[in-house]
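Report on one structure; see the data block that follows.
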Amino acid sequence: MQTTTCFSRAFYLAFGLVLWLSGSALAQTGTVRGVITDDNGKEPLIGATVVIKGTNIGAATGTDGSFVIPTAPIGAQTLVVSYLGFQTMEIPVNVSESAPVFQEIKLTSVSSTMQEIVITGLRRSQLTSINSKRMANNQKDVLSTDDLGRLPDINVAEATQRVAGVSIETDAGEGRFISIRGIQPSLVNVSLNNSNLASSSSGRETPLNLLPIEMIGSIEVIKTVTPDLEATSIGGSVNINTITAFDRVRPQFLVVSVDGLYTDQQVDFGDQGLQSRLAITAGKRFGAKENFGIVLAANYFARSFAQVILDPDRWQILQGTDPDGNLTPGYLGPNEIEIQYEDNKRQRFGLNADFEFRPTDNSKYYFRVLYTREDETDYNNEFELTVAGLSGQTLTNQTPTSGVFSRGSGELDLSSNDFVNDLYSFNLGTEQRFGKFFLSLNGVYSRADQDQFTIDGTFENDASTNNLLGASYNTDPFFFDIIPLDLETASNTSLYFLRNLNIRNNNIVQEDMYEGSLDLKYNFNLTSKIPAYLKIGGRVRSREKRVDRAQSEYNDDSEGGVRAPNRYRLDEFEIVPPTVPIGNTQPYVSGDPRQSVIFLPIRPT
Numbered sequence: 113m114q115t116t117t118c119f120s121r122a123f124y125l126a127f128g129l130v131l132w133l134s135g136s137a138l139a140q141t142g143t144v145r146g147v148i149t150d151d152n153g154k155e156p157l158i159g160a161t162v163v164i165k166g167t168n169i170g171a172a173t174g175t176d177g178s179f180v181i182p183t184a185p186i187g188a189q190t191l192v193v194s195y196l197g198f199q200t201m202e203i204p205v206n207v208s209e210s211a212p213v214f215q216e217i218k219l220t221s222v223s224s225t226m227q228e229i230v231i232t233g234l235r236r237s238q239l240t241s242i243n244s245k246r247m248a249n250n251q252k253d254v255l256s257t258d259d260l261g262r263l264p265d266i267n268v269a270e271a272t273q274r275v276a277g278v279s280i281e282t283d284a285g286e287g288r289f290i291s292i293r294g295i296q297p298s299l300v301n302v303s304l305n306n307s308n309l310a311s312s313s314s315g316r317e318t319p320l321n322l323l324p325i326e327m328i329g330s331i332e333v334i335k336t337v338t339p340d341l342e343a344t345s346i347g348g349s350v351n352i353n354t355i356t357a358f359d360r361v362r363p364q365f366l367v368v369s370v371d372g373l374y375t376d377q378q379v380d381f382g383d384q385g386l387q388s389r390l391a392i393t394a395g396k397r398f399g400a401k402e403n404f405g406i407v408l409a410a411n412y413f414a415r416s417f418a419q420v421i422l423d424p425d426r427w428q429i430l431q432g433t434d435p436d437g438n439l440t441p442g443y444l445g446p447n448e449i450e451i452q453y454e455d456n457k458r459q460r461f462g463l464n465a466d467f468e469f470r471p472t473d474n475s476k477y478y479f480r481v482l483y484t485r486e487d488e489t490d491y492n493n494e495f496e497l498t499v500a501g502l503s504g505q506t507l508t509n510q511t512p513t514s515g516v517f518s519r520g521s522g523e524l525d526l527s528s529n530d531f532v533n534d535l536y537s538f539n540l541g542t543e544q545r546f547g548k549f550f551l552s553l554n555g556v557y558s559r560a561d562q563d564q565f566t567i568d569g570t571f572e573n574d575a576s577t578n579n580l581l582g583a584s585y586n587t588d589p590f591f592f593d594i595i596p597l598d599l600e601t602a603s604n605t606s607l608y609f610l611r612n613l614n615i616r617n618n619n620i621v622q623e624d625m626y627e628g629s630l631d632l633k634y635n636f637n638l639t640s641k642i643p644a645y646l647k648i649g650g651r652v653r654s655r656e657k658r659v660d661r662a663q664s665e666y667n668d669d670s671e672g673g674v675r676a677p678n679r680y681r682l683d684e685f686e687i688v689p690p691t692v693p694i695g696n697t698q699p700y701v702s703g704d705p706r707q708s709v710i711f712l713p714i715r716p717t
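Quick note: the sequence shown uses my numbering, first residue 113, plus one each step.
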C-alpha cells in the first residue's frame with residue numbers, strides 16, 4: 113500500500129511539473145505552418161528545417177514539403193529556413209494566438225547563383241536524406257521517391273542496401289531479407305505506413321521482395337530506436353511509406369515506366385531469359401481546395417534466371433599407379449563431382465490504392481490498400497558422380513593433376529518447386545491536430561499466404577553397372593575435366609532407377625494480423641528557446657500464424673540387381689542434355705523436372 117501511494121504521488125508530481133512547465137507558454141504561443149518547395153515550385157523539399165531565429169524551436173518538412181511549428185512564441189519573429197544545397201532564407205512573420213500563420217516558401221538552389229561550379233555530384237535525393245538525418249532525434253536514413261526511381265533496384269530489399277550499414281540476403285539473385293549492422297533479419301522490425309506487416313516466412317523475418325519499388329514513396333531506415341517505436345526493433349526498424357497524392361506539388365501526375373531485357377540462356381526448360389517490368393502510377397487531388405487525393409498504382413515484373421554450378425566435393429589423397437604402372441605416393445583429387453543447373457521463373461504483380469481526405473490543414477483521414485502476388489517456379493537438375501571409395505575401384509595413369517578411374521556411381525536429383533506468395537494490407541486511420549496536441553489513430557489488417565508444392569526425386573544406377581561409369585579426370589584447367597570412358601553407355605538413362613521420392617503439397621504458411629494504435633503528442637516549450645514534447649500511446653496487436661504440411665515419401669531400399677520393370681526409369685524423363693559453360697565436364701545424364709507430375713499418384717510396385 114505504501115509503495116502504491118508513493119508511486120501515485122510521484123506520478124502526479126511529474127505530471128504537474130509538465131503542466132507547470134507548459135502552462136507558462138500555453139497562452140504565449142501560436143502556430144506557424146507552411147510548404148517549402150524548390151525555386152520552380154514543382155518539387156517539395158523533404159527534410160528542410162524551419163527554426164525560429166534565436167531559439168531551438170522549429171520543425172522539419174514531411175514528404176509533401178509541409179511543416180508545422182505548434183509552439184511558436186507570439187509577436188514578431190523571424191523564420192530561418194535551410195536546406196542543404198539551397199540558400200538559407202530568413203522570413204519575418206507575426207505570430208498570434210488567434211490564427212495560424214501560413215507561409216509558402218521557395219528556396220533558391222545554390223548552383224543557380226554561382227558563377228562557377230567547382231564540385232558537383234550531390235543528387236536531390238542525397239540532399240533529402242542528409243536534411244532528414246539532421247532533424248531526426250535518432251540514427252535515421254531516408255530514401256526518397258526520387259532516389260528510388262533512379263536506381264536499378266526492383267524491390268524494397270535491394271533499395272535499402274544503398275544505406276550504409278544495411279546488407280541483404282538474396283534468393284536466386286534477388287534481395288529478400290535485410291540486416292542492419294550485421295544483426296539477423298528476424299530482429300529487424302518492418303512496417304508499412306508505420307504499421308506492421310504479416311509475414312509468409314516460417315520465422316519472424318519479413319520478406320521484402322514482395323514489395324515492388326514502384327509502389328513506394330519513401331523508405332526510412334532507423335538504426336537506433338526511441339521509446340515510441342516497436343519493442344521488436346532490437347535490430348533496427350524499416351518503415352515503408354506508400355505514395356500519396358499530397359507528396360507532390362502538382363495536383364495530378366502520371367508516371368509510366370517500361371523496361372525489358374532478353375538474354376539467350378545457356379540452361380533453359382522451356383522459356384528463354386526474358387525479363388520485363390511495367391509500372392503505372394497515377395495520382396490526382398480533387399475539390400475546390402484540392403483536399404481530396406487518390407493514387408492508383410499497378411506493376412508487373414517477370415524474370416528468368418539460370419545458374420550452373422560445378423562443385424568438386426570431398427577432396428582427398430588418392431593413390432594409384434602412374435602411366436608406367438608404378439605405385440604413386442598419392443595426390444590430392446576429388447572423391448565426387450556435382451554438376452547442377454537450375455532454371456528459375458519468377459513473376460510478380462502488385463496493386464496499390466491510396467485515398468486521402470484533408471478537410472483542413474489540421475485534419476487528415478486516409479484509407480490505403482496494398483496487394484502483391486509472386487509466382488515462382490524453380491527447376492533443378494543435379495548430377496553427382498562418385499569415383500573414389502567404390503568396391504573394386506582402380507586408379508591408373510595417375511599424375512599430380514589427373515588419373516583414370518575404372519568405376520563410377522551416378523546419381524541424378526530432379527526437383528520441381530512451385531511457390532505462390534500473396535500479401536494483403538488494409539490501413540484505415542486519421543491524424544488530427546488540436547493546437548499543441550497531435551492525435552494519431554490507426555487500424556490495420558494484414559494477411560500473408562505462401563503455398564508451396566515440391567517434388568524431389570533421386571535416380572541411381574545399379575551397383576552392378578558401376579563398371580560402366582568409369583571416368584578420367586584432369587584438375588589442371590580452371591574448369592577441370594571429368595570425362596566418361598564410354599560416353600554412350602554412361603549416358604544410357606535406362607541404367608538409372610528411381611531410388612527415393614519426396615512430394616510436399618499443400619505446404620502452407622498463413623498469417624493474419626490485426627493491429628490498432630493510438631498516439632497522443634503534446635508540444636510545449638521548456639523555456640522560450642527550448643522545445644519539448646510529451647507523447648503517450650498504446651498499440652494492440654493480434655497475430656495468428658498457421659503452418660500446414662502434407663508430405664509423401666517413397667524409398668526403394670533394395671540393393672544391387674536389376675530393378676523390377678514396373679518401377680520408374682530415368683528414360684521416362686530424358687531430355688537432350690543442355691550444354692553447360694563449364695569446360696569439358698558435362699553431366700552423364702539429364703532429366704526434365706517438369707515431367708515429375710507423373711509421380712502423382714505413384715505407380716504401384
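Where a beta carbon is used, it is the ideal one built from N, C-alpha and C, also for glycine.
For residue 603 and residue 351, the gap between their C-alpha atoms comes out near 54 Å. Residue 443 is positioned such that its CB atom lies no closer than 8 Å to that of residue 505. A straight line joining the alpha-carbon of residue 585 with that of residue 492 spans about 25 Å. Counted as a single uninterrupted DSSP element, the stretch harbouring residue 317 is not any alpha helix (DSSP H), since DSSP gives it neither H nor E. Here DSSP, grouped into helix, strand and coil, assigns residue 526 to strand. Annotation for residue 188: 206 place their beta carbon closer than 6 Å to its own, counting only its chain and skipping 5 residues before and after. In this structure, residue 193 lies near residue 219, with their beta-carbon atoms less than 8 Å apart. Under DSSP, residue 636 forms a beta bridge with 644. When secondary structure is reduced to three states using DSSP, residue 472 falls in the strand class. Cβ neighbours of residue 317 within its own chain (closer than 6 Å, five residues either side excluded): 289, 297, 298. Contact check for residue 494 against residue 525 passes: the beta carbons are separated by less than 8 Å. If you look at residue 184, you'll find it isn't in any alpha helix (DSSP H); it sits in the beta strand (DSSP E) that goes 178-185. Note on residue 464: 16 or more other CB atoms within 10 angstroms of its CB, so buried under the neighbour-count rule.
Counted as a single uninterrupted DSSP element, the stretch harbouring residue 337 is not any beta strand (DSSP E), since DSSP gives it neither H nor E.
For residue 697, no alpha helix (DSSP H) encloses it, and the DSSP letter there is neither H nor E. Taking a contact as a CB-CB distance under 8 Å, the pair residue 466 and residue 485 does not count as one, their CB atoms being some 19 Å apart. Residue state for residue 300 is assigned as coil, using DSSP reduced to three classes. Rounded to whole angstroms, residue 575 and residue 563 show a C-alpha spacing of 38 Å. For residue 551, the uninterrupted beta strand (DSSP E) run begins and ends at 549-573, by DSSP. For residue 307, the CB contacts under 7 Å within the same chain, skipping 5 residues up- and downstream, are 539, 554, 556, 627 in chain order. The shortest CA-to-CA distance from residue 593 to any of 476, 570, 513, 527 is the one to 513. With a cutoff of 8 Å on beta-carbon distance, residue 661 and residue 629 are scored as not near each other.
Counting every other CB atom within 10 Å of its CB across the protein chains shown gives residue 149 a total of 16 or more, marking it as buried. Fully enclosed beta strand (DSSP E) runs of no fewer than 3 residues occupy 443-445, 448-472, 475-498 of the region 439-512, in order along the chain. Only exposed fits residue 654, as fewer than 16 other CB atoms lie within 10 angstroms of its CB. Under the three-pair Cβ rule at 8 Å, the region 392-405 counts as touching the region 355-365.
Shown here, residue 351 sits in a strand according to DSSP, grouped into three states. If one requires a minimum length of 4 residues, no alpha helix (DSSP H) run lies completely within the region 387-445. In this structure the region 565-582 lies against the region 516-536, because at least three pairs of beta carbons, one per stretch, are closer than 8 Å.
Shown here for residue 477: same chain residues with a beta carbon closer than 6 Å to its own, the five before and five after excluded, namely 469, 542 in chain order. Of the residues assessed, residue 456 falls on the buried side of the cut-off, its CB having 16 or more other CB atoms within 10 angstroms.
At least 8 Å separates the beta-carbon of residue 162 from that of residue 199. Bridge partners of residue 625 according to DSSP: 558, 655. In the three-state scheme derived from DSSP, where H, G and I count as helix and E and B as strand, residue 172 is classed as strand. Measuring C-alpha to C-alpha distances from residue 623 to each of 647, 596, 321, 657 identifies 657 as the nearest.
Contact annotation: residue 173 and residue 157 have beta-carbon atoms nearer than 8 Å.
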